[in-house]
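What follows is one structure encoded as structure tokens, with my remarks underneath.
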Amino acid sequence: LKMRASTKSERSYLKTAQTGLQFSVSRHANQAQYYLPAFIKLASVFNDGDWKFIDCVDISHFNGKHTNAACVRFSSGGPLKSSFRSYNLDTGNDDYASMRSFIEKRFNPGKPSSLLPPNLLLIDGGRGQLSSVYQALQKTSVEKLHLLSICKAPGRKSGEESYYMLSLDQGVTKVE
């Protein structure tokens, strides 16, 4: 990037902009090196092709009130912050109902989303949450979507989580 600046302040501004651009390009390249292998591995686990997006969803509430579903999106280049979404839910502390309500809002056929459906929906929860999402998806027009749920181990011991995967056309599988 070469531009001519006529004053000292313009040169300083230009140098700062070039440094920012170099940092941004470097950060993007580093993220791609981290996320791309994960995308390729997950696509191969599901016997699927080139993936574009993974959405991750988690439900939170405050003493059974103010229930919210947070959905973050990743591409092979890293997080896509402009695609992050939050959904207010009226489901109290019922995690299964909250997952179903999230799916109804996120994939509502009567109100098309500006976001393309993801290749994978990563769910914080176990088999019950996965089943709730699957049931709700049956009422939508989403045809091809893979699901992966992560269930915390007893005592929340890191590294001992259980994983369940599902493709809309293949059923549930526990990953060993």
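Using this note's numbering, you'd call the opening residue of the sequence shown number 1285 and step up by one each time. Every residue gets a Cβ at the ideal spot worked out from N, C-alpha and C, and that includes glycine.
Tell whether a beta-carbon distance below 8 Å holds between residue i and residue j.
i: S1446; j: G1410; result: yes
i: S1355; j: D1339; result: First, the amino acid is wrong: residue 1355 is Cys here, not Ser. Their beta carbons are under 8 Å apart, which means C1355 touches D1339 by this criterion.
i: L1406; j: L1450; result: no
i: H1430; j: F1346; result: no
In angstroms with no decimal places, state the Cα-to-Cα distance between residue i and residue j.
i: R1440; j: Y1319; result: 25 Å
i: G1362; j: K1325; result: 15 Å
i: L1285; j: Q1302; result: Because the pLDDT at L1285 is just 48, under 50, the model does not fix this residue reliably, and the point stays unresolved.
i: S1360; j: S1367; result: 14 Å
i: Y1418; j: L1452; result: 7 Å
i: T1375; j: N1392; result: 17 Å
i: S1416; j: M1383; result: 6 Å
i: A1437; j: G1443; result: 8 Å
i: L1421; j: L1298; result: 50 Å
i: K1349; j: N1372; result: 10 Å
i: F1323; j: T1291; result: 47 Å
i: D1332; j: L1305; result: 35 Å
i: P1321; j: E1427; result: 25 Å
i: E1460; j: S1328; result: Its pLDDT being 49, under 50, E1460 is placed unreliably by the model, and the measurement read from it follows with that caveat. Looking at the two C-alpha atoms, the distance is approximately 16 Å.
i: I1387; j: D1334; result: 24 Å
i: T1300; j: G1394; result: 47 Å
i: L1432; j: S1397; result: 22 Å
i: Y1448; j: E1294; result: 56 Å
i: Q1317; j: S1296; result: 32 Å
Among the options, which residue has its Cα nearest to the Cα of residue i?
i: N1352; options: G1361, S1359 and D1342; result: D1342
i: G1412; options: A1381, K1389 and S1442; result: A1381
i: D1408; options: K1365, K1299 and I1434; result: I1434
i: T1424; options: L1364, W1335, P1321 and R1390; result: R1390
i: L1364; options: G1394, D1332, S1296 and L1400; result: L1400
i: S1370; options: S1293, G1394 and S1344; result: S1344
Terminal residues of the continuous alpha helix (DSSP H) containing residue i?
i: R1384; result: D1379 to R1390
i: L1399; result: Note, L1399: premise wrong, no alpha helix (DSSP H); not H, not E.
i: R1411; result: R1411 to L1421
How far does the beta strand (DSSP E) with residue i in it extend, from its first residue to its last?
i: R1357; result: K1349 to S1359
i: R1369; result: R1369 to L1373
i: L1364; result: Taken as a continuous stretch (DSSP letters only), L1364 belongs to no beta strand (DSSP E), as it is neither H nor E.
i: S1433; result: H1430 to C1435
i: F1337; result: Premise fails: F1337 is in no beta strand (DSSP E) and is neither H nor E.
Assuming residue i and residue j form a contact by the criterion Cβ under 8 Å, report the distance between their Cβ atoms to the nearest whole angstrom.
i: N1403; j: F1337; result: 6 Å
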